[in-house]
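Novice: Residue numbers (mature numbering (1 follows the signal peptide of the UniProt record, and there is no 0)): -20 to -1, 1 to 134.
Here it is, written out as structure tokens:
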């Protein structure tokens, strides 16, 4: 009887330790563990220029282009607010510093693809309507966990 009690206590202790270890290491769905370093990825960014050429071959004035670098890391987007003027072309340089994330702004049909840690992507859209619009990460429940911000068009 004494041996049975010792074996039961040891099994409970081992089970408790295994539970504690495995429950803390489970990543969220669609979420890469952030303490692991991702392999170096090719960075995809566009360097801003004074002018660019439109598909029709005409020079495009970039004086009304507002370039903003947005950094995505687990459960936050920085900056959390972007202000532009109506009619501005908005260039978002989205840099993902950890996990798998994207950048989405529904009202202007603007979005990056899902990027791994270390990757970046540049997108452009015209802010042609005034108001406040939420941008967010659409991966898993990241938006609900606070990975969002506001674009204010004045």
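For glycine and all other residues, C-beta sits at the position ideal for the given N, C-alpha and C.
1. How big is the Cα-Cα spacing for residue 111 and residue 99?
2. Buried or exposed: which applies to residue -11, given that a residue is buried once 16 or more other Cβ atoms fall within 10 Å of its Cβ?
3. According to DSSP, is residue 134 helix, strand or coil?
4. Mapping the DSSP letters down to three states, classify residue 64 as helix, strand or coil.
5. Would you mind reading off the limits of the beta strand (DSSP E) that contains residue 75?
6. Assess, as a yes-or-no matter, whether the stretch 62 to 72 is touched by the stretch 101 to 119 under the definition of 3 or more beta carbon pairs within less than 8 Å.
7. Need the endpoints of the beta strand (DSSP E) that residue 105 sits in, please.
8. Give the range of the beta strand (DSSP E) segment to which residue 135 is assigned.
Specialist: This is what the structure gives:
1. Taking the Cα positions, residue 111 is about 30 Å away from residue 99.
2. Note on residue -11: under 16 other CB atoms within 10 angstroms of its CB, so exposed under the neighbour-count rule.
3. Looking at residue 134 - three-state DSSP - the assignment turns out to be coil, as it is neither helix nor strand.
4. In the three-state DSSP reduction, residue 64 falls in the strand class (E or B).
5. Taken as a continuous stretch (DSSP letters only), the beta strand (DSSP E) holding residue 75 covers 69 to 76.
6. The stretch 101 to 119, when compared against the stretch 62 to 72, does touch it at the 8 Å Cβ threshold.
7. Note, residue 105: beta strand (DSSP E), 100 to 106.
8. Residue 135 lies beyond the range of the chain shown here (-20 to 134); nothing can be said about it.
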